[in-house]
Amino acid sequence: MVRRIAQGLRDGGFNEVLADGVDGFEIPDPIGGRVPDVLARGNRLHIYEVETEETLGSEETRLQWQAFDRFVRKDDDAHFVIVVPKGLRLKAEAQKNYYQLSAEVREEDFAAE
């Protein structure tokens, strides 16, 4: 999923696309001590974090989300997107709301990979 998001952003004309652990992409610099899965620069900075059923709800996920959310709240030209598999959007939205985050939650079909 990380590769698909990064490649889609690159193909979509973003100036700079970085992706963690994906061949052909440089690794993003840490934001608040955490490395995002995908970072894309166009007119805005887009931070993508991909979660699975296993990672959703973990302490590390909470720390990542909070770090990225703090960053986008300080930068009007930044946008934070949480990507989850189909069927987990409501769970991710509830968790995001519990942590009082301003991120967008998107549901994707992970099986299509």
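In our numbering, the protein residues as written are 1 to 113.
We treat Cβ as the ideally placed atom computed from N, Cα and C, and that holds for glycine.
Short of 8 Å in beta carbon distance, which residues of its chain neighbour residue i, apart from the five on each side in sequence? Order them along the chain.
i	result
R34	L63, Q64, A67 and F68
V96	Reading the sequence as shown, one finds Lys at residue 96 and not Val. Same-chain partners within the cutoff: W65, I82, A103 and V105.
Along the chain, where does the alpha helix (DSSP H) containing residue i start, and where does it finish?
i	result
V116	Residue 116 falls outside the range modelled here, since the chain spans only 1 to 113, and no answer is possible.
Kindly list the residues whose CB is nearer than 6 Å to the CB of residue i, restricted to its own chain and excluding five residues on each side of it in sequence; keep chain order.
i	result
V17	A6, L9, R10 and A40
D109	K86
V167	Lying before the first or after the last residue shown, residue 167 is absent from the chain, which here runs from 1 to 113.
Please return the same chain residues whose Cβ sits closer than 7 Å to the Cβ of residue i, not counting the five positions on each side in sequence.
i	result
A92	E51, L56, I82, V84 and V105
V22	V2, R3 and A6
Which stretch, first to last residue, makes up the beta strand (DSSP E) that contains residue i?
i	result
V50	L45 to V50
A111	Careful: A111 lies outside any beta strand (DSSP E) and carries neither H nor E.
R41	V38 to R41
With DSSP run on the structure shown, which of helix, strand or coil describes residue i?
i	result
V22	coil
V35	coil
E16	strand
Use the C-beta contact count for residue i: other C-beta atoms within 10 angstroms, 16 or more gives buried, fewer gives exposed.
i	result
D37	buried
I119	No statement about residue 119 is possible, as the shown extent of the chain runs from 1 to 113 and does not include it.
E26	exposed
### Within the region 60-111, ranges of the beta strand (DSSP E) (whole runs, at least 3 residues)
78-85 and 104-108
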